[in-house]
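Colleague: Mind having a look at this structure? Questions to follow.
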Amino acid sequence: MRFAVIQFPGSNCDQDCVHALQVLGQEARLVWHQETKIDPEEGVILPGGFSYGDYLRCGAIARFSPIMPAVKAAAGRGQVVVGICNGFQILCEAGLLPGALTRNEGLHFRCEKAYLRVETPASRFTSHYVTGETLTIPIAHGEGCYRASPEILQELEAQQRVLFRYCNAEGQVVPEANPNGSSHNIAGICNAGRNVLGMMPHPERCCEAEMGGTDGRGILLGAAGIGRKI
Amino acid sequence: MKMKAIVTVTLKPSILDPQGEAVAHALQNMGVKGVQSVRIGKHIELEIEGGEEKALRAKLEEISRELLSNPVMENFHLDLRAGG
């Protein structure tokens, strides 16, 4: 499958996403934020970084980039849209995912490996995993504390739209394993149509053994519509 | 006529403000007593070509809601006054 990796001024994981997708046998092209077209059969990746220097709020200005109407239209047509880290923040600002990401509760920028519990295999992004499986995926963010109204949180839980939660090495979802104070230990969610994923951890950084792990492969392969090999 | 709009963006009371807490902690270390809490927000000034006030205010509220604040976690207050 081909992916459009959107480059905003200040994106810095765009090349990593292209590389990871190519390693996984997928096609990827960089799309500058001033462009306005996304092909109807492409997937879309909003990569990590600091779009527009994180001015005003993370993702607030990127939301008004010329490419964003095309991203919204693609999401509306059911195309795959994945927002990683800053991309997750942009998707929330753009209203493609509910809630918001605020300053980490402990104020620190957290750059480390995080353990994630897969909450459900019922999405293309988690189809390679089983419920309760523990993944090790790097995080690197200062504003990844997920917040939403109690009603929204309830809706996300009821519809099994929380795909990943921060957990400890044993797979237990406990407060101590929460690196940023996110409500319900949320690390990644999807939209109601289950074609839009937002997550703070970086699956593109762990797709090759040389990079210290391959737990992110299933997420990107799943996004590309490739099922698990049995 | 030139007008000035001052938009104050604050975190909703239900949202934890770790920056404010860090400043409150620093005040304690400074020896300042009696500060109950600190909340940090944003002060944004816009200079605008004035027009009919009701329409202008409506436009500024839209700007504040759509871009300057995020209604999920922030409130805003709009102050519109004459002068640049």
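Protein chains in written order, with this note's numbering: chain A, 1 to 230; chain B, 1001 to 1084.
In this text, a Cβ means the ideal position worked out from N, Cα and C, and glycines have one as well.
Going by the DSSP bridge assignment, what does residue 196 of chain A pair with across the sheet?
Modeller: Here residue 196 of chain A refers to the residue found at position 196 of the first sequence. Note: residue 196 of chain A sits in a beta bridge opposite A:81.
Colleague: If I follow the unbroken alpha helix (DSSP H) through residue 125 of chain A, where does it start and stop?
Modeller: Stepping through the first sequence from its first residue, residue 125 of chain A is reached at position 125. Here residue 125 of chain A belongs to no alpha helix (DSSP H), and DSSP marks it neither H nor E.
Colleague: With distances taken from CA atoms, which of A:116, A:107, A:71, A:115 is nearest residue 95 of chain A?
Modeller: Here residue 95 of chain A refers to the residue found at position 95 of the first sequence. For residue 95 of chain A, the nearest C-alpha among the options comes from A:71.
Colleague: Skipping 5 residues on each side, what residues in its chain have a beta carbon closer than 7 Å to that of residue 1035 of chain B?
Modeller: In the second sequence, the residue the question calls residue 1035 of chain B occupies position 35. Excluding residues within five positions, the ones whose Cβ falls inside 7 Å are 1024, 1027.
Colleague: Considering only residues of the same chain and omitting the five flanking positions on each side of residue 61 of chain A, which have a CB-CB separation below 8 Å?
Modeller: Indexing the first sequence from 1 puts residue 61 of chain A at position 61. Cβ within range, chain order: 51, 52, 55.
Colleague: Just how far apart, CA to CA, sit residue 125 of chain A and residue 1057 of chain B?
Modeller: Numbered from 1 along the first sequence, position 125 holds the residue referred to as residue 125 of chain A. Numbered from 1 along the second sequence, position 57 holds the residue referred to as residue 1057 of chain B. Distance between the alpha carbons of residue 125 of chain A and residue 1057 of chain B: 44 Å.
Colleague: Count Cβ pairs between the stretch 1005-1012 of chain B and the stretch 1071-1079 of chain B that sit closer than 8 Å; are there 3 or more?
Modeller: At 8 Å Cβ cutoff, the stretches touch.
Colleague: Can you find the residues in the same chain that come closer than 6 Å, C-beta to C-beta, to residue 177 of chain A, ignoring five residues on each side of it along the sequence?
Modeller: As a first step, residue 177 of chain A must be located in the first sequence, where it is residue number 177. Hits under 6 Å: 166, 167, 168.
Colleague: For residue 1051 of chain B, is the classification buried or exposed, using 16 other Cβ atoms within 10 angstroms of its Cβ as the cut-off for buried?
Modeller: Indexing the second sequence from 1 puts residue 1051 of chain B at position 51. Exposed, by the Cβ-count rule.
Colleague: Thinking C-beta only, is residue 90 of chain A closer than 9 Å to residue 8 of chain A?
Modeller: The count along the first sequence starts at 1 and reaches residue 8 of chain A at position 8. The count along the first sequence starts at 1 and reaches residue 90 of chain A at position 90. For residue 8 of chain A and residue 90 of chain A, yes; Cβs fall inside 9 Å.
Colleague: Looking at the unbroken alpha helix (DSSP H) that takes in residue 1059 of chain B, where does it start and where does it end?
Modeller: On the second sequence, residue 1059 of chain B is found 59 positions in, with the first residue counted as 1. Note, residue 1059 of chain B: alpha helix (DSSP H), 1053-1063.
Colleague: Please check if any C-beta of chain B sits within less than 9 Å of the C-beta of residue 87 of chain A.
Modeller: Taking the first sequence and counting its residues from 1, one reaches residue 87 of chain A at position 87. No, its Cβ sits nowhere closer than 9 Å to a Cβ of chain B.
Colleague: Which residue's Cα is closest to the Cα of residue 110 of chain A: A:181, A:204, A:88?
Modeller: Start at 1 with the first residue of the first sequence, and residue 110 of chain A comes out as number 110. Taking only the C-alpha atoms, the option nearest residue 110 of chain A is A:181.
Colleague: Quick check on DSSP: helix, strand or coil for residue 1075 of chain B?
Modeller: The count along the second sequence starts at 1 and reaches residue 1075 of chain B at position 75. Note: residue 1075 of chain B maps to strand in three-state DSSP.
Colleague: Taking three-plus beta-carbon pairs below 8 Å as touching, is the stretch 202-219 of chain A in contact with the stretch 1038-1046 of chain B?
Modeller: Touching, no.
Colleague: Helix or strand or just coil, what does DSSP make of residue 1035 of chain B?
Modeller: By 1-based counting over the second sequence, the position of residue 1035 of chain B is 35. In this structure, residue 1035 of chain B counts as coil in the three-state DSSP scheme.
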